[in-house]
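Engineer: In the working numbering, the protein residues as written are 2 to 190.
(1) Applying the 10 Å Cβ sphere with the 16-neighbour rule, what's the burial state of residue 176?
(2) Apart from the five residues just before and just after residue 99, which ones in its own chain have a Cβ nearer than 6 Å to its Cβ?
(3) Relative to the C-alpha of residue 26, which residue among 112, 174, 168, 178 is closest?
(4) Name the one or two DSSP bridge partners that residue 122 has.
(5) Verify whether the separation of the beta carbon atoms of residue 53 and residue 124 is less than 7 Å.
(6) If you reduce the DSSP assignment to three classes, tell me which class residue 39 lands in.
(7) Using CA atoms only, rank isn't needed, just tell me which of 180, 139, 173, 179 is closest to residue 56.
(8) Compute the Euclidean distance between the alpha carbons of residue 164 and residue 50, then round it to the nearest angstrom.
(9) If residue 115 sits next to residue 108, beta carbons under 8 Å apart, how far is it from one beta carbon to the other, in whole angstroms?
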């Protein structure tokens, strides 16, 4: 129980970095399935366009294997306004700026957790990495290796079901006038 108490300090760190909320969850509550990755391959415009997305990211089977090496994760949410004209998806539902903020926050959380003695800390976020205008698409040649992390969906993580198990309410947004939540996670120990 001592380790869990120690990890809770990272929830406050997440909030200081701009997270709307953060929780420590058991990795047993991370839902991994093959159909999530299938949705990346058939239906996502980012498939095969970023090193953090399929087919470059680890498969669901690989994810199941490395998740077993962790017991705890920091799950955090950031809330953004969808009233952003520069959108990645139709009608500006997700903006490049917001997704970059999410990516940078996750990387900074990973860095701070690492510096606190948890050397295996590893971040992942929902959605694609949009740090560069165009991805080099060559493994080992990423221009931002200290920040770019794989999309949870690309790993086969069912974000919706995972965040529900953590006690968050999820919703499919059908309007560009609503605020929306995006999620990141740092695997810790």
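The beta-carbon is built from N, C-alpha and C at its ideal position, and this holds for glycine as well. None of the values given here were measured: they were computed from a predicted structure.
Structural biologist: So, to answer that:
(1) Taking the first residue of the chain shown as position 1, residue 176 is located at position 175. Residue 176 comes out exposed.
(2) The residue you call residue 99 lines up with position 98 of the chain shown. Setting aside the 5 residues that flank it on each side, residue 99 is surrounded in the same chain by 81, each with a C-beta closer than 6 Å to its C-beta; the list follows chain order.
(3) Here the question's residue 26 lines up with position 25 in the chain shown. Of the listed residues, the one whose Cα sits closest to residue 26 is 168.
(4) If you number the chain shown from 1, residue 122 lands on position 121. Answer is none; residue 122 lacks a bridge partner.
(5) Here residue 53 corresponds to residue number 52 of the chain shown, with the count starting at 1. Here residue 124 corresponds to residue number 123 of the chain shown, with the count starting at 1. For residue 53 and residue 124, no; Cβs fall outside 7 Å.
(6) Counting from 1 along the chain shown, the entry for residue 39 is found at position 38. The answer is helix: DSSP assigns residue 39 an H, G or I state.
(7) Position 55 of the chain shown, counting from 1, holds the residue named residue 56. Nearest C-alpha to residue 56: 139.
(8) As a working mapping, residue 164 is identified with position 163 in the chain shown. As a working mapping, residue 50 is identified with position 49 in the chain shown. In a straight line, the C-alpha of residue 164 is about 26 Å away from that of residue 50.
(9) The count along the chain shown starts at 1 and reaches residue 115 at position 114. The count along the chain shown starts at 1 and reaches residue 108 at position 107. Not confirmed; about 10 Å, so no contact.
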